[in-house]
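Converting from the sequence shown to my numbering requires adding 20 to each position, the first position being numbered 1.
Okay, so here's the structure we're looking at.
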Amino acid sequence: MNGLKQRKSINLTTKRENALKDILQDDDIVIRPADKGSGIVVINKEEYFKKLEEEITNNDTYSETEQNTTHQITKKVKSLVNRMKKEGSISGEMKTYLIPKHPHPAKLKGNPKIHKQNKPYRTIVNGIGTATEKIAEIAEKELDNYVINSPSYIRDTTDFLNKLSKVKQPIPKNSILFCFDVVKLYPSIPREEGIKACKIALDTRRNKEIPTNDILEMIKLVLEGNNFKLIDRDFLQNEGVAIGSKLGKNFACTYMRQWDKALEKFKEKPLFYKRFIDDGFGIWTHGEQKLKEFMDFANSINDKIKVELSNKTCKEECEVCDIERHEEKIILGDKTFNLKKNIHGCQLVNLIYGLHCEKCNHYVYVGETERSLNERIKEHLADIRHDRDTAVAEHFNQEDHCKEDITVQVLQQIYDKSANYRRYIEAQWMQKLNTIRPFGINVKKE
């Protein structure tokens, strides 16, 4: 209907609304997302660009060019695309899609790693609108199946939690839960080895309508044609792949699948091992010394690919970590679902948690609490013990179920202490883990 205006309401006080407007209109600052988590970082603009400049001038990954190289790169893309059309590798429609239209250099941005000392930036070369954007997109899609079928592949949070829940319980005593981070993976990938890994991946395709060699030519052109601007200066990336390129993730994951294969040559193997791009997680049962040797071996696979390890042994017993006496249960906490490197404890407060049922083999309940996790889980256990009229007690007191079937998972810690906001996040998790009746035991809240 014409003439109707959409009504909008602002849930901020006038003071906060004005403060937000002042920040957004301030030309002396830059607002960027934190590299990990959901934080927002406000940075002095001069400091931001100075630090970005330091990031790209203090290593061999990038080099400054005398001029904008977009025109030369565009000519190479057009030449490749025209040849592929002439040879019948692509259709006329695809040719039109791949030919760059008014391309420009990529833009360099930085996300502060506020969880690390000195808060370095994760540099992102935004490839939208560049000469190689479309061919990067096609090459990325051709690598998809190979990446998805990697033994260590994790699709998302739910996929990771489901795979972790299938680890046979109880976990052996003194097991080590370890996490590792590949240091600056994207710009560190040795290009020749990355291209070889891509050839292996492309040769496994069932549909080779676009020949492997043509896709490899696309990949090489994307890697070699990654030019970008920082203020009024022109640069080119000489090593690895750009984080902001559409090819970036799958190029990195394709290389890392071959890296995983090399890691398997170590004599002792993890009980469980999964990796989300550059973040790995595993369960180690061979002692701390062998884990150190395992990581040393990982760092010897390629001089350019280095990993940093953090680990913690689950030894403390409590009603959450040790629901059945002397049986250790894993509690993995990850507030952002990018495999954050810490193990949440029982004394955390103001959080969302999930109850996984071993008999049902999936999450059956999502809850929220302002108090500590320890207190809330004790209440659930008491409800089960006294057969109270609650959904959790009803489920775990049914035939063939018992409290030992529960594994508790910290899903997200909330920093806003509002009960309404906590319930809003709880509802999101119910949807994500599909715990609303009849699939779980949560009741949908109106």
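Glycine is no exception: its CB is placed at the ideal position from the N, C-alpha and C atoms.
Spanning the alpha carbons of Ser320 and Asp201 requires a straight line of approximately 15 Å. The Cβ-Cβ distance between Glu75 and Tyr141 falls below 8 Å. The criterion of a C-beta distance shorter than 8 Å is not satisfied by Lys216 and Thr232.
Every alpha helix (DSSP H) stretch that sits fully inside the stretch 87 to 138 and reaches 4 residues is listed by chain position as 90 to 106 and 112 to 118. Contact check for Gly302 and Phe286: beta-carbon distance about 12 Å, past the 8 Å limit, so the pair fails to qualify.
Per the coordinates, the alpha-carbon of Ala54 lies some 33 Å from the alpha-carbon of Glu313. Assignment of Leu197 by DSSP, reduced to helix, strand and coil, places it in the strand class. For a cut-off of 8 Å, the C-beta gap from Leu256 to Tyr82 is around 7 Å, short enough to register as a contact.
A residue is called buried when at least 16 other Cβ atoms come within 10 angstroms of its Cβ; Asn246 meets this threshold and is buried.
For Ser170 against Arg277, the beta-carbon gap comes to about 4 Å, under 8 Å, which counts as contact. Taking C-beta atoms as the reference points, Asn146 and Arg52 fail to come closer than 8 Å. Beta-bridge partners assigned by DSSP to Pro140: none are found. Here the alpha carbons of Val203 and Glu237 stand approximately 28 Å from one another. Nearest to Cys380 by alpha-carbon distance, out of Lys324, Ile461, Arg408 and Tyr441, is Ile461. With respect to Ile110, Ile230 sits close: the two C-beta atoms are nearer than 8 Å. For Phe248, same chain residues with a beta-carbon under 7 Å away, outside a window of 5 residues either side, are Pro125, Ala126, Lys127, Leu128, Val145 and Phe255 in chain order.
Ile235 places its beta carbon less than 8 Å from that of Glu162. The alpha carbon of His122 has as its nearest neighbour, out of Trp449, Gln137 and Gly149, the alpha carbon of Gly149.
Under the three-state reduction of DSSP, Val167 is assigned to helix.
Straight-line spacing of the CA atoms in Leu197 and Lys281 works out to 21 Å.
Taking all protein chains shown into account, Arg391 has fewer than 16 neighbouring C-beta atoms within 10 Å of its C-beta and is therefore exposed.
For Leu375, the three-state secondary structure derived from DSSP is strand. Judged by their CB atoms, Ile372 and Ile297 are not nearer to each other than the 8 Å cut-off.
Measuring C-alpha to C-alpha distances from Leu393 to each of Gln433, Asp403 and Ala411 identifies Gln433 as the nearest. For Leu118, the number of other beta carbons within 10 angstroms of its own is at least 16, and it is reported as buried. DSSP places Leu250 in the uninterrupted beta strand (DSSP E) bounded by Asn247 to Leu250. Judged by DSSP in its simplified three-state form, Asn64 adopts strand. DSSP, read as helix, strand or coil, puts Ser392 in strand.
Pro120 counts as buried, since at least 16 other C-beta atoms from the protein chains shown sit within 10 angstroms of its C-beta.
Residue state for Ser330 is assigned as strand, using DSSP reduced to three classes. Distance between Lys452 and Thr178, taken at the CA atoms: about 7 Å. In its chain, beyond the 5 residues on either side, Phe69 have a beta carbon closer than 8 Å to the beta carbon of Ile251. By the neighbour-count criterion, in which 16 or more other beta carbons inside 10 Å mark a residue as buried, Ala413 falls on the buried side.
Looking only at Ser185, Lys56, Ala221 and Glu160, the smallest Cα-Cα distance to Tyr166 is reached by Ala221.
Beta-bridge partners of Glu73 (DSSP): none assigned.
With respect to the 8 Å criterion, Ser185 and Thr455 are not classified as neighbours on the basis of their beta carbons.
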